[in-house]
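Listed in order, the protein sequences are those of chains Y and C. Under the numbering used here, think of the first position of the first sequence as 1, with each following residue one higher. Under the numbering used here, think of the first position of the second sequence as 1001, with each following residue one higher. Where is the CB? At the ideal position from N, CA and C, for every residue including glycine. Quantities reported herein were computed from a predicted structural model and do not represent experimental measurements. Since the structure comes first, as structure tokens, the remarks are kept for the end.
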Amino acid sequence: MKRYVLMRVLKAIFTIWAVYTLVFFLTRVTGDPVDWLTQAGASDAAKETLRRNLGLDLPLWDQYVKSFVGLFTGDTGTSYYYSREVSALFAERIWPTVTLGSIVFVVTIAVGLPLGVLAAVKHNSLLDRLTMSLAVIGSTLPNFVLGILLIFIFALTLRMLPSGGTGTVKNYIMPIIALSVGPVASVARLTRSSLLDVIGNDYLDFVRSKGMREWKVVIKHGLRNALIPVITILGSQLSALIGGSVVVETVFAWPGIGTLIVTSAQQRDFPVVVFGVLVIAASVTFVNLLVDLSYGLLDPRIRKS
Amino acid sequence: MGKRNRMKKRWGIPPMILFLMVTFVIIVGAALLAPVLAPVDLGATELTQRLAKPAFLDPTSPYLLGTDNLGRDVAVRLLYAIRSTVLISFTGMVIATALGTALGILSGLAGGVTDVIISFLTDVRLSVPTTFIGIILACILGAKPATTVLVITITGWSSFCRLVRSQIFQLKKAAFIEASRSMGASGIRIVFEHILVNIASPLIVQATMELSGFILLESTLSFLGLGIEPPGTSLGVMVSNGRDYMLTHWWLAMIPSVVIVVLILQISLVGDWLRDKLDPKLKRIS
């Protein structure tokens, strides 16, 4: 088991490093950022000064080593566009994204899981069909379409909620809905099908025959086994959530890291883009690692092998 | 037994699925024929006609779906938008399927180091959310259809690779492959004569299911302004343009949104049906 954990951790670190290196060199092959930052017709001397100030006069390899070492010494580089420390920019913008993401994650589990259980227990009932039809529509609805639809209904027509920005509780409602509908739908569908697979098993008949109540059978013995596939997708759900947050942040003018990275990419602000992708790849890889390690806790068969 | 029942028995196509397929073919067919049906210059504007109401709101309007902020006929632009969204997603799907299948075969047959490297590449790809891969590539290569096709390829190959790889591990144990090998058939011959034939139907199912995701991806990227540059258009671009006129002209954003949802629903429902039909082994309780 120790060896397994160690191998997984090493693999995760290696993955994050590979993403960082790949994105660093990919962004550098696109041409000279100085050409983008200066106005047409700027003198060569001015360009040269700017190049030296940004550290772009060094050979590519030295730039890479310098920025890589900097990650460990706390020097994340300076944004070309904002002329500020990249880590300071992120410190400012990360909380709106993390707050929104955490709430959506909780909503996904708190709503998706019970809906799936309910649909499985009441298999083939009206409730089941209704939930699943909604889930099909929910998982196919693009979040920017949903976001615009919400703005149209609640902000423009009913005038109940602000159409964008941050600050009050009301600002959270539409972004949360726009981001959670997809994940809630897929968790509900997966919980239902996975629970239905388990419910037919003989060992559940055994505990039933002991006189255990049906809901207890489902929750205690069924759900525990049915959860494994659901947990497996949490990593990819997080990845989809972060990807979706870019779109939703754009629609609702939410000042998070999603919008920061998109605008930085458009402005070719490479230090910000590279660092942003690093932060995101690290969080997704970390959650995937947790998911892998938690199998052991849920399934004793994996723990022992 | 009525005629309809006999049809149903032979093809096994439920009326709902048939309806989805027929409407999909009509929508996509009209869109692909857009340059023939409505040969216009996409860049041309008619400012005197700007923001005309659609005929379903104002019966006197000569424009079926109204006009946009530059006076261009929304119905015509919608056809061209569906055309580019579908063409880009479909091209991406074909390339992603081919690449994923090739790497999956390589991974499954060669095993060892090759397999480890390919599975590591999958991990790397999965650690960066799809939208961000799109953002990075669009910033490097510019917002154009070829970039989106590349994004679809890069993000899409891994699921095909995983599918083909696991199918090959199962097939490797099959007696008929062993028999063929013992008769002296080469690896390439086994791939073309036995393996590709056997993985074709799960691949078709997977490709159909993924296509709806690729349409979503293309719309999202072009919505963010990372997919296609004016005067070209796609469904995401139309939604994004219509957003600015939501308060007064809600249909400008709603019409392309509805089309996106309809296309994705059609493809994924047909995909679900196809999965149960072609591959009973994969059938889930649903």
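State yes or no: is the beta carbon of VAL1074 (chain C) nearer than 7 Å to at least one beta carbon in chain Y? Not one chain Y Cβ lies under 7 Å of VAL1074 (chain C).
Do the segment 1095-1111 of chain C and the segment 1154-1165 of chain C touch if we need at least three Cβ pairs shorter than 8 Å? Segments in contact, yes.
Would you mind sorting GLN1167 (chain C) into buried or exposed? The rule is 16 or more other CB atoms within 10 Å of its CB. Burial call: buried.
Looking only at DSSP bridge pairs, what is THR1067 (chain C) linked to? Partner(s): C:ASP1073.
Could you name the residues of the same chain whose beta carbon sits closer than 7 Å to that of HIS123 (chain Y), not counting the 5 residues immediately before and after it, in chain order? The residues are LEU196.
Run through chain Y and tell me which residues come within less than 9 Å of TRP1250 (chain C), C-beta to C-beta. Within chain Y, the C-beta atoms nearer than 9 Å to that of TRP1250 (chain C) come from PHE152, LEU156, THR157, in chain order.
Any chance you could list the alpha helix (DSSP H) runs of at least 4 consecutive residues sitting entirely within the segment 1130-1186 of chain C, in chain order? Runs of the alpha helix (DSSP H) inside the segment 1130-1186 of chain C: 1130-1141, 1145-1172, 1175-1182.
I'd like to know whether the C-beta of LEU26 (chain Y) is nearer than 7 Å to at least one C-beta of chain C. Taking Cβ atoms only, chain C reaches closer than 7 Å to LEU26 (chain Y), which makes this a yes.
Could you list which residues in chain Y have their beta carbon closer than 8 Å to that of LEU1265 (chain C), in chain order? Taking the beta carbon of LEU1265 (chain C) as reference, the chain Y residues within 8 Å of it are VAL136, ILE137, THR140, listed in sequence order.
Apart from the five residues just before and just after VAL5 (chain Y), which ones in its own chain have a Cβ nearer than 8 Å to its Cβ? The residues are LEU293.
List the whole-angstrom C-beta distance separating LEU978 (chain C) from VAL1205 (chain C), where the pair is believed to meet the contact cut-off of C-beta under 8 Å. Residue 978 (chain C) cannot be examined here, being either before or after the span of chain C that is shown, 1001 to 1286.
Is LEU1221 (chain C) near THR1148 (chain C), with beta carbons less than 7 Å apart? Taking 7 Å as the Cβ cut-off, LEU1221 (chain C) and THR1148 (chain C) qualify as a contacting pair.
Relative to the alpha-carbon of GLY1134 (chain C), which residue among C:THR1208, C:GLY1108, C:PHE1214, C:GLY1066 has its alpha-carbon at the smallest distance? That would be C:PHE1214, whose Cα lies nearest to the Cα of GLY1134 (chain C).
Within 10 angstroms of the Cβ of TYR1080 (chain C), are there 16 or more other Cβ atoms? Answer buried if so, exposed if not. Around the beta carbon of TYR1080 (chain C), 16 or more other beta carbons sit within 10 angstroms, so the residue counts as buried.
Starting from ILE338 (chain Y), trace the alpha helix (DSSP H) in both directions and tell me its first and last residue. Since the first residue of chain Y shown is 1 and the last is 305, residue 338 (chain Y) is not available in this structure.
Looking at the unbroken alpha helix (DSSP H) that takes in PHE68 (chain Y), where does it start and where does it end? In the DSSP assignment, PHE68 (chain Y) falls within the unbroken alpha helix (DSSP H) covering 60-73.
Relative to the C-alpha of LEU1137 (chain C), which residue among Y:LEU289, Y:VAL273, Y:VAL218, Y:SER283 is closest? Distance check between LEU1137 (chain C) and each of Y:LEU289, Y:VAL273, Y:VAL218, Y:SER283 places Y:VAL273 closest, using alpha-carbon atoms only.
Can GLY235 (chain Y) and SER245 (chain Y) be called in contact, C-beta distance under 7 Å? SER245 (chain Y) sits away from GLY235 (chain Y), with the two beta carbons spaced by 7 Å or more.
Could you confirm whether any beta carbon from chain C is found closer than 7 Å to the beta carbon of GLY116 (chain Y)? Interface flag for GLY116 (chain Y) against chain C is unset, since no Cβ pair is found closer than 7 Å.
Taking only three categories from DSSP, how would you classify PHE214 (chain Y)? At residue 214 (chain Y) the sequence reads Glu, which differs from the Phe that was named. Taken through DSSP and simplified to helix, strand or coil, GLU214 (chain Y) comes out as helix.
Along chain C, which residues have their Cβ under 7 Å away from the Cβ of GLY243 (chain Y)? The answer, in chain order, is PRO1129, THR1130, THR1131, PHE1132.
Strictly under 7 Å for the Cβ-Cβ distance: is MET1246 (chain C) near chain Y by that measure? Yes, because at least one Cβ of chain Y sits closer than 7 Å to the Cβ of MET1246 (chain C).
Does the pairing of the segment 1114-1134 of chain C with the segment 1058-1066 of chain C give three or more beta-carbon distances under 8 Å? The segment 1114-1134 of chain C and the segment 1058-1066 of chain C do not touch, with fewer than 3 CB-CB distances between them shorter than 8 Å.
Thinking C-beta only, is LEU150 (chain Y) closer than 7 Å to MET132 (chain Y)? Not in contact: MET132 (chain Y) and LEU150 (chain Y) (Cβ atoms no closer than 7 Å).
Check whether the Cβ of ALA1253 (chain C) lies closer than 7 Å to any Cβ atom in chain Y. Cβ-Cβ to chain Y under 7 Å: yes for ALA1253 (chain C).
Can you name the start and end residues of the alpha helix (DSSP H) that GLY244 (chain Y) belongs to? Where GLY244 (chain Y) is concerned, the enclosing alpha helix (DSSP H) stretches over 224-251.
Extent of the continuous alpha helix (DSSP H) to which PRO1039 (chain C) belongs: No alpha helix (DSSP H) holds PRO1039 (chain C); DSSP gives it neither H nor E.
THR78 (chain Y), DSSP secondary structure in three states: DSSP, reduced to helix, strand and coil, places THR78 (chain Y) within a strand of the structure shown.
Determine the burial state of PRO1029 (chain C): buried for a count of at least 16 other Cβ atoms within 10 Å of its Cβ, exposed for fewer. Going by the sequence as given, residue 1029 (chain C) is Gly instead of Pro. Exposed, since its Cβ has fewer than 16 Cβ neighbours within 10 Å.
Using a Cβ-Cβ distance cut-off of 7 Å, determine whether VAL1028 (chain C) contacts chain Y. Not one beta carbon of chain Y lies nearer than 7 Å to the beta carbon of VAL1028 (chain C).
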